[in-house]
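**Student:** Residue numbers (the numbering used here): 16 to 137.
We put the CB at the ideal spot given by N, CA and C, even for glycine.
Keep in mind it's a predicted model, so treat the numbers as computed, not measured.
Before I ask anything, let me first share the structure, which is written out below as structure tokens.
This is the structure we're talking about:
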């Protein structure tokens, strides 16, 4: 009986480890390039990624995943002025639409600097 229980516990623990590994890969394995890790308090963080044609400087997708939830927007980057501007609508939590003005509020000075450095120095 104890052998059956130990085997069951071992299988359960193994599946938990495998699930956590796959969850981490799924959450942060976006089709983009890592830009910035934003510490949100304690051990929690958000990770920001960009995807698209970095040479065009517009229609670049920006993604955020982590403690604050998901965010997806299309941005334009001005390397000369070192600015990031939201273009069109954006989405948080995969389904809540934001205006470009609302999306713009999510780009702090640190995140903007990291995006400009990543794209303009690319």
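Starting from residue 52 and walking both ways along the alpha helix (DSSP H), at which residues does that stretch end?
**Tutor:** From DSSP, residue 52 is part of no alpha helix (DSSP H) but of the beta strand (DSSP E) over 48 to 56.
**Student:** Are the beta-carbon atoms of residue 86 and residue 121 separated by less than 7 Å?
**Tutor:** A contact, by the Cβ cut-off of 7 Å.
**Student:** Who are the near neighbours of residue 129 in its chain, counting only those whose CB is closer than 6 Å to its CB and skipping five residues on each side?
**Tutor:** These residues qualify, in order along the chain: 50 and 51.
**Student:** Are the beta-carbon atoms of residue 101 and residue 115 separated by less than 7 Å?
**Tutor:** Yes, the Cβ-Cβ distance between residue 101 and residue 115 is below 7 Å.
**Student:** In or out: residue 64 buried (at least 16 other Cβ within 10 Å) or exposed?
**Tutor:** By the neighbour-count rule (16 or more Cβ atoms within 10 Å), residue 64 is buried.
**Student:** In the structure shown, what three-state DSSP assignment does residue 40 receive?
**Tutor:** Residue confidence for residue 40 is low, a pLDDT of 32 falling below 50, so the modelled location carries little weight; the figure read from the coordinates is stated next. Looking at residue 40 - three-state DSSP - the assignment turns out to be helix.
**Student:** Using the beta-carbon count (16 or more within 10 Å), is residue 111 buried or exposed?
**Tutor:** With fewer than 16 other Cβ atoms within 10 Å, it is exposed.
**Student:** Does residue 125 come out as helix, strand or coil in the three-state DSSP assignment?
**Tutor:** Residue 125 falls in the helix class under three-state DSSP.
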